[in-house]
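**Student:** Protein chains in written order, with my numbering: chain A, 1 to 300; chain B, 1001 to 1300; chain C, 2001 to 2259; chain D, 3001 to 3259. C-beta atoms are modelled at their ideal positions from N, C-alpha and C, and glycine is treated no differently. Since we're looking at a predicted model, the values are computed, not measured. Okay, here's the structure, questions in a sec.
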Amino acid sequence: MNKITGIELDNPTILAAGIMGTTGASLVRVAKEGAGAVVTKSIGPEPKEGHKNPSMIDLGYGFLNAMGLPNPSYPDFKDELAIAKNESNVPVIASIFGGTEDEFVDVAIGLMDSEPDAFELNVSCPHAKGYGASVGSNPDAVESITVAVKDAVDAPVWVKLTPNVTDIVIIGEAAQRGGADAVVGINTVKGMAIDINSGYPILGNRFGGLSGHAVKPVALKCVYDLYASLDIPIIGVGGVYTWQDAIEMMMAGASAVQVGSAVYEGLEVFSSISSGIKSFINENDYKYVGDIVGIAHERI
Amino acid sequence: MNKITGIELDNPTILAAGIMGTTGASLVRVAKEGAGAVVTKSIGPEPKEGHKNPSMIDLGYGFLNAMGLPNPSYPDFKDELAIAKNESNVPVIASIFGGTEDEFVDVAIGLMDSEPDAFELNVSCPHAKGYGASVGSNPDAVESITVAVKDAVDAPVWVKLTPNVTDIVIIGEAAQRGGADAVVGINTVKGMAIDINSGYPILGNRFGGLSGHAVKPVALKCVYDLYASLDIPIIGVGGVYTWQDAIEMMMAGASAVQVGSAVYEGLEVFSSISSGIKSFINENDYKYVGDIVGIAHERI
Amino acid sequence: MYPIDVKIIEIIKETPSTRTFVFDRSFNEAVAGQFVMVWIRGVDEIPMTLSGKNSITVQKVGDATEKLFMLKEGDHLGIRGPFGNGFTLPGRDEKILLIAGGVGAAPLAPLAEYASSIGVCMTTILGARNADELLFVDRFTPCGELHLTTDDGSAHRCGFVTDVLADTDTAAYDRIYTCGPEVMMKCVFGMLEKENSVGKTEFSLHRYFKCGIGVCGACCMDRKGLRVCRDGPVFNGLELVDSEFGNYMRGPGGNKELF
Amino acid sequence: MYPIDVKIIEIIKETPSTRTFVFDRSFNEAVAGQFVMVWIRGVDEIPMTLSGKNSITVQKVGDATEKLFMLKEGDHLGIRGPFGNGFTLPGRDEKILLIAGGVGAAPLAPLAEYASSIGVCMTTILGARNADELLFVDRFTPCGELHLTTDDGSAHRCGFVTDVLADTDTAAYDRIYTCGPEVMMKCVFGMLEKENSVGKTEFSLHRYFKCGIGVCGACCMDRKGLRVCRDGPVFNGLELVDSEFGNYMRGPGGNKELF
Ligand SMILES: Cc1cc2nc3c(=O)[nH]c(=O)nc-3n(C[C@H](O)[C@H](O)[C@H](O)COP(=O)(O)OP(=O)(O)OC[C@H]3O[C@@H](n4cnc5c(N)ncnc54)[C@H](O)[C@@H]3O)c2cc1C
Ligand SMILES: Cc1cc2nc3c(=O)[nH]c(=O)nc-3n(C[C@H](O)[C@H](O)[C@H](O)COP(=O)(O)OP(=O)(O)OC[C@H]3O[C@@H](n4cnc5c(N)ncnc54)[C@H](O)[C@@H]3O)c2cc1C
Ligand SMILES: Cc1cc2nc3c(=O)[nH]c(=O)nc-3n(C[C@H](O)[C@H](O)[C@H](O)COP(=O)(O)O)c2cc1C
Ligand SMILES: Cc1cc2nc3c(=O)[nH]c(=O)nc-3n(C[C@H](O)[C@H](O)[C@H](O)COP(=O)(O)O)c2cc1C
Ligand code: FES
Ligand code: FES
């Protein structure tokens, strides 16, 4: 049993935001496949259709996506969240976004009826104008949004960080000051791809966010730095495909890992990661999974 | 013939800094293999042995390195630079670094005797304390260093930018204000890797910089953004392995490309990229290679 | 992978509302029922079934398809795929029934041609709004028995494919395949359920696709969370029992849109 | 790839200054002469030739090798590789000559064993500072003719491997292989040059390695810019003509260090 911000997880793998998280049914499916918890698609104050396609391409070594935060808004999503809560048997974390403190608060309060186990504040999406990272690269904004949501709801609040800043620790510290119960890192890394046959940027939004294998080293460094400076738990995300990746992330300082792009490989990824972690802990004389969290910091 | 900051290149492929660039002989070898120009290893004011090994690992989808700017310092390197200049038959760009304006100037002046065709200011290495990116994430420092070197030497000055900042355009604009003749982007992306068998970070320096395939999308976005805002040429670097990658980089806005990690695939990479570019230009009814520079900006 | 550039080498006006775009590039590995993401640069990228190894057949319904219709031979498209699961191909000795409505004939025509090439005995029920809109009559005709219906009776039998199906002994077939408007397929489903034939029937579904590769979740169906782009678009009827099929789908934002 | 974790299952004290570390993991694809990067965690990563499919043989010379000597059976190392080009293996009917000095016997012992296993006729000249330091006498002995020399004459012939070489008719050999201190190899090179035998001789070289994979350029030799880690570490003698070989190498910062 892993406990993070008061939430009990059967295993430390968590479905990342924006992956099969738009409907209650798909969240339930992922939970049944073995995720220790699931995070919903980021939900905002107004319905959004997202960017035009192409919205995601497979690069082989990772993915580029610019979905544009498509979501039905919180009034419509409430029922989906309730389904996830009632049927998944794992903690369900509501990812939310907004352009202002008030919007964040509206969405959080709007979803409270469905009793999410925690909120994850998406202040880090790199390709939605006025939302996400444009908020999340400003430590003051991150702090005040965190304070506002913490005040408004009685649930743990996680803050999801963008790596597209000069120093992620400054943003992490702002979240901590604001009362965040945990930080989650990383969201995608700004990137783009161009079709040389036509000269067109491939994504409908022209640019987007890089995820998958390519960002694991970046995520590890962010988690490592955050762990060195913060007192709250860190949830590691970015390029986790295998139990080895998960162990690596935990050794850098993550108390749990989120899995996004690796869902492409198949939903078995959750059970295969969590059973791999279990074996690793047993075979290496660690007492429990918490023993490995942050140990890279002690290896000098 | 491509002309960049007054320098004539036979083809738009340039050896990136830090790759086979520590000796005159190795620079000559790369030139003979078909590079249109070569950049030296970054040279500093004092001899440096660099970080302990492991200093570079192959991730499959890219590389992590933390060399630590090993270099014999400018007095020792002068002769190597002269060999490169005399025997390579292509423009030779001296990459230099320092912790202060004065150090940059000392190194530049110290190398002038060997008549480099340009200087490339490394204000972007992510893993050398007090050098590189710790300077290069501060726009004022970038501007004043650029001014100082421009004043001190009569040669084009390129400024190499780090992607590890919230907005690379602000740094690019600082370089331009300082009188840079071109900017070069990107240097490596901060990252790390951990050995799960022991918990040790793998690199001797614990963390390092990501290069190769994984960073191409990041480099493209940086080049794209810089092109939209700057008036000086942009030289694209990051994950260029094939002529398709080079074309993509140029469509984003690069006037030429640098090739680093792809040297791992073999030194033929320069001739294969440059001949591929040539065929592409001919087969697609472009008049010359400059026609494609930045065209992604026009495709809306 | 990046979209593959294809040149349109031929445009065939199949019916007043549908055109086939033939590419200079064949997707020989594709199985009938698989789809590609078709990128009309500067406009949108939309899912289309491969109506042949190197073609798509498109019905004009909105923005992107309208832009597609403005393209000429020699123009280019970007293609990602083929993606998803195609139809389970019939064995040599099986008897099969195809039920196609409108542009739903697109994935079934290559299936029919494949089946015919290995000697499978087949019956096709092909329906459309009116005679002009009957798609691929020429492709189905040589493959086996063909029943045509039109909603307005402008040709052949007046009525729906389900009317023909009502007269058909589905027990005589080893496999049934269907594609068409979801309301049509829902009726088919209902009829086959009564005859206990759902388990041998494959339905080719449409949902709103974003990623097209099974990650984003835009195309997930209730109540199992099946991804149409990855777990489908072809589903065995049993997978659809108790699902949203025929009742609603999701819009681009994840909102429910009732049929 | 990340370093592979290996467990040291046996440590053999070969001579007062050298130890063989045997791993629980064999690198069966390795060719004699290839090297691995050996990571002593928390200390350094250094290049070592594989003295067997699952072993390295180390001479204590400084920091990292000293730490290696402090390890015990059951301890672990990280291994990247095998890297570089090994020796050109001899053909069945060829006659070969091996010239090994000190720990330079490490890459030549597996070569000798391979050659012997396919019946190659061979002569080995093995030298060391003194009798105790003669490495792998037991491995070379069963493989063919063996000449031993010691600098101090403490065993067998007093003198250098080059003294034995001077008495040898190199024309009688199809291939010659050598590894040892660079000054020794330089002498060998000079002698073979006079006999026009450089072109059939392979030299296994050492340089300061950083990346070990041919990218950083730390190990480049003048004047051709050959990378010892990637184009070598084994070079045909002709590649070394007119090079820095025997004159100088580069230190970690790229500065010249004269021999
Ligand atoms: C697996 C699959 C195979 C298909 N095969 C064919 C085919 O062979 N021939 C054919 O004519 N049509 C096919 N379609 C439907 C086709 O994708 C839509 O008609 C097309 O996307 C309409 O785009 P539009 O911009 O012209 O319409 P819009 O004006 O955007 O909208 C019209 C309707 O088209 C649908 N649509 C729009 N965008 C998408 C999208 N990204 N993904 C899914 N549906 C969308 C929506 O239901 C929408 O209500 C297929 C759909 C799927 C999912
Ligand atoms: C291809 C190759 C194969 C080798 N095989 C063997 C072998 O089988 N057995 C053996 O005992 N030695 C071998 N060596 C030499 C061995 O790598 C050095 O003895 C070792 O690196 C010394 O490390 P140290 O920290 O103990 O010494 P230090 O105190 O660091 O330095 C002593 C000397 O070792 C050399 N050295 C140090 N670090 C490196 C490095 N990263 N790369 C290359 N040389 C270095 C330098 O010349 C230095 O002057 C090989 C070297 C190379 C290049
Ligand atoms: C298709 C897609 C959609 C995403 N949507 C969201 C989102 O809505 N909110 C969010 O915070 N992160 C979103 N992300 C980011 C992921 O949650 C995750 O942080 C990132 O992809 C890195 O993890 P990965 O390498 O495991 O994918 C999305 C990622 C992808 C690939
Ligand atoms: C081993 C290695 C050493 C490098 N050394 C330097 C350096 O000294 N100065 C510098 O400006 N960039 C240095 N770089 C960065 C490269 O020049 C280049 O910006 C980066 O690797 C991205 O390009 P690539 O993907 O083609 O390798 C180094 C990169 C590598 C891999
Ligand atoms: S469209 Fe993204 S999962 Fe199907
Ligand atoms: S050690 Fe880096 S090129 Fe040889």
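Please report the straight-line C-alpha distance between C/Leu2108 and A/Glu101, rounded to a whole angstrom.
**Tutor:** Along the third sequence, read from residue 1 onward, the residue named residue 2108 of chain C stands at position 108. Along the first sequence, read from residue 1 onward, the residue named residue 101 of chain A stands at position 101. Cα-Cα distance, rounded: 52 Å.
**Student:** Tell me where the beta strand (DSSP E) around B/Leu1220 begins and ends.
**Tutor:** The residue you call residue 1220 of chain B lines up with position 220 of the second sequence. Premise fails: B/Leu1220 lies in the alpha helix (DSSP H), Lys1216 to Ser1229, not in any beta strand (DSSP E).
**Student:** Find the nearest neighbour of C/Gly2254 within the set A/Glu49, A/His213, A/Leu226 and A/His297, judged by alpha-carbon distance.
**Tutor:** By one-based count along the third sequence, residue 2254 of chain C stands at place 254. When only C-alpha atoms are compared, the closest one is A/Glu49.
**Student:** Could you list which residues in chain C have their beta carbon closer than 7 Å to that of A/Ile202, in chain order?
**Tutor:** By 1-based counting over the first sequence, the position of residue 202 of chain A is 202. Simply Tyr2002 and Pro2003.
**Student:** Taking Cβ positions, are A/Tyr74 and A/Gly110 nearer each other than 7 Å?
**Tutor:** Position 74 of the first sequence, counted from the first residue, corresponds to residue 74 of chain A. Position 110 of the first sequence, counted from the first residue, corresponds to residue 110 of chain A. Their beta carbons are under 7 Å apart, which means A/Tyr74 touches A/Gly110 by this criterion.
**Student:** Any Cβ of chain B within less than 7 Å of the Cβ of A/Gln244?
**Tutor:** Translated into the one-based positions of the first sequence, residue 244 of chain A becomes position 244. At least one chain B Cβ lies under 7 Å of A/Gln244.
**Student:** Of the residues D/Arg3227, D/Asp3163 and D/Leu3071, which one's Cα is nearest the Cα of D/Asn3085?
**Tutor:** To locate residue 3085 of chain D, count along the fourth sequence from 1; it is residue 85. Checking every option, the nearest Cα to that of D/Asn3085 belongs to D/Arg3227.
**Student:** Which residues in chain B sit within 9 Å of A/Gly136, going by Cβ to Cβ distance?
**Tutor:** As a first step, residue 136 of chain A is located in the first sequence; it is residue number 136 there, counting from the start. By Cβ distance, chain B contributes nothing, its closest Cβ being about 10 Å from A/Gly136, past 9 Å.
**Student:** May I ask you to check if the CB of C/Pro2047 is nearer than 6 Å to at least one heavy atom of ligand 1?
**Tutor:** Residue mapping note: residue 2047 of chain C aligns to position 47 of the third sequence, counting from 1. The answer is yes for C/Pro2047.
**Student:** Between D/Leu3150 and D/Ala3128, is the Cβ-Cβ spacing less than 7 Å?
**Tutor:** The count along the fourth sequence starts at 1 and reaches residue 3150 of chain D at position 150. The count along the fourth sequence starts at 1 and reaches residue 3128 of chain D at position 128. It is Thr, not Leu, that sits at residue 3150 of chain D in the sequence shown. Going by C-beta atoms, D/Thr3150 is nearer than 7 Å to D/Ala3128.
**Student:** Can you tell me whether D/Lys3210 sits near ligand 7, meaning its C-beta is under 6 Å from at least one heavy atom of the ligand?
**Tutor:** Ligand 7 is absent from the structure shown, which contains only ligand 1, ligand 2, ligand 3, ligand 4, ligand 5 and ligand 6.
**Student:** Chain D beta carbons: is any one of them nearer than 7 Å to that of B/Asp1106?
**Tutor:** Working through the second sequence from its first residue, we reach residue 1106 of chain B at position 106. False, the Cβ-Cβ gap to chain D never drops below 7 Å.
**Student:** Across the region 143–150 of chain A and the region 170–189 of chain A, are there enough close Cβ pairs to call them in contact, namely three or more that are closer than 8 Å?
**Tutor:** Taking 8 Å as the limit for Cβ pairs, the verdict is that the region 170–189 of chain A does touch the region 143–150 of chain A.
**Student:** Please indicate yes or no: does the CB of A/His213 lie closer than 6 Å to some heavy atom of ligand 2?
**Tutor:** The count along the first sequence starts at 1 and reaches residue 213 of chain A at position 213. No, Cβ of A/His213 sits at least 6 Å from all heavy atoms of ligand 2.
**Student:** Considering only residues of the same chain and omitting the five flanking positions on each side of D/Ser3204, which have a CB-CB separation below 6 Å?
**Tutor:** As a position in the fourth sequence, residue 3204 of chain D is number 204, starting the count at 1. The residues are Gly3033, Pro3107, Cys3179, Pro3233 and Val3234.
**Student:** Which full runs of the alpha helix (DSSP H) of 4+ residues lie inside the region 86–138 of chain A, going along the chain?
**Tutor:** Correct list: 101–112 and 133–136.
**Student:** Tell me where the alpha helix (DSSP H) around C/Cys2187 begins and ends.
**Tutor:** Taking the third sequence and counting its residues from 1, the one referred to as residue 2187 of chain C is at position 187. Per DSSP, C/Cys2187 belongs to the alpha helix (DSSP H) from Glu2182 to Lys2194.
**Student:** So, at 6 Å on beta carbons, what are the nonlocal neighbours of B/Met1020 in its own chain, with the 5 sequence-adjacent residues on each side left out?
**Tutor:** Against the second sequence, residue 1020 of chain B aligns to sequence position 20. Contacts found: Ser1026 and Val1030.
**Student:** Does the beta carbon of B/Asn1089 sit closer than 7 Å to a beta carbon anywhere in chain D?
**Tutor:** By 1-based counting over the second sequence, the position of residue 1089 of chain B is 89. Closer than 7 Å: no.
**Student:** With a CB to CB cut of under 6 Å and the five nearest residues on each side skipped, what residues in its chain are close to A/Ser42?
**Tutor:** Within the first sequence, numbered from 1, the residue matching residue 42 of chain A stands at position 42. These residues qualify, in order along the chain: Ala17, Leu69, Ser95, Phe97 and Asn122.
**Student:** Please determine whether the Cβ atom of D/Cys3158 lies at a distance below 6 Å from any heavy atom of ligand 6.
**Tutor:** If you number the fourth sequence from 1, residue 3158 of chain D lands on position 158. Outside the cutoff, so no.
**Student:** What is the residue span of the beta strand (DSSP E) that B/Ser1055 lies within?
**Tutor:** Position 55 of the second sequence, counting from 1, holds the residue named residue 1055 of chain B. Taken as a continuous stretch (DSSP letters only), B/Ser1055 belongs to no beta strand (DSSP E), as it is neither H nor E.
**Student:** Is the CB-CB distance between D/Thr3124 and D/Leu3148 below 7 Å?
**Tutor:** Numbered from its first residue, the fourth sequence carries residue 3124 of chain D at position 124. Numbered from its first residue, the fourth sequence carries residue 3148 of chain D at position 148. No, the pair does not count as a contact, with Cβ atoms beyond the cut-off.
**Student:** According to DSSP, is D/Lys3067 helix, strand or coil?
**Tutor:** Sequence index remark: in the fourth sequence, residue 3067 of chain D carries index 67 (1-based). Helix, per DSSP.
**Student:** Beta-carbon of C/Pro2252 versus every beta-carbon of chain A: anything under 7 Å?
**Tutor:** The sequence position of residue 2252 of chain C within the third sequence is 252, counting from 1. Cβ-Cβ to chain A under 7 Å: yes for C/Pro2252.
**Student:** Any idea if C/Arg2092 is buried or exposed, counting beta-carbon neighbours within 10 angstroms, 16 or more meaning buried?
**Tutor:** As a position in the third sequence, residue 2092 of chain C is number 92, starting the count at 1. By the 10 Å Cβ count, C/Arg2092 comes out exposed.
**Student:** Confirm the yes/no value for this check: CB of C/Thr2065, any heavy atom of ligand 1, distance under 6 Å.
**Tutor:** Counting from 1 along the third sequence, the entry for residue 2065 of chain C is found at position 65. The answer is yes for C/Thr2065.
**Student:** Report whether the distance from the Cβ of C/Pro2233 to the nearest heavy atom of ligand 1 is below 6 Å.
**Tutor:** Here residue 2233 of chain C refers to the residue found at position 233 when the third sequence is read from its first residue. C/Pro2233 Cβ: within cutoff of ligand 1.
**Student:** Return the CA-CA distance between B/Ser1124 and B/Ile1186, expressed in angstroms with no decimal places.
**Tutor:** Translated into positions along the second sequence, residue 1124 of chain B becomes position 124. Translated into positions along the second sequence, residue 1186 of chain B becomes position 186. Straight-line Cα distance between these residues: approximately 8 Å.
**Student:** I'd like to confirm something about A/Ser42: is its beta-carbon nearer than 6 Å to some heavy atom of ligand 3, or not?
**Tutor:** Residue numbering aside, residue 42 of chain A sits at position 42 when the first sequence is read from its first letter. Under cutoff, so the answer is yes.
**Student:** For C/His2206, is the beta carbon positioned less than 6 Å from some heavy atom of ligand 1?
**Tutor:** Within the third sequence, the letter at position 206 stands for residue 2206 of chain C. For ligand 1, at least one heavy atom lies less than 6 Å from the Cβ of C/His2206.
**Student:** Could you check which residue in A/Leu59, A/Ser55, A/Val28 and A/Gly191 has the C-alpha nearest to that of A/Ala66?
**Tutor:** Against the first sequence, residue 66 of chain A aligns to sequence position 66. When each option's Cα is compared against that of A/Ala66, the closest is A/Ser55.
**Student:** Using only alpha-carbon positions, find the residue among D/Gly3101, D/Val3103, D/Phe3136 and D/Asp3132 that is nearest to D/Glu3113.
**Tutor:** Locating residue 3113 of chain D in the fourth sequence gives position 113, where the first residue counts as 1. Out of D/Gly3101, D/Val3103, D/Phe3136 and D/Asp3132, D/Phe3136 has the C-alpha closest to the C-alpha of D/Glu3113.
**Student:** Under a CB-based cut-off of 7 Å, is D/Asn3236 close to chain B?
**Tutor:** Taking the first residue of the fourth sequence as 1, we reach residue 3236 of chain D at position 236. No, no contact with chain B.
**Student:** Are there 16 or more other CB atoms within 10 angstroms of the CB of A/Pro72, so buried, or fewer, so exposed?
**Tutor:** In the first sequence, counting from the first residue as 1, residue 72 of chain A sits at position 72. The residue in question, A/Pro72, is buried, as its Cβ has 16 or more Cβ neighbours within 10 Å.
**Student:** List the residues that DSSP assigns as beta-bridge partners of A/Glu143.
**Tutor:** As a working mapping, residue 143 of chain A is identified with position 143 in the first sequence. Paired residues: none, contrary to the question.
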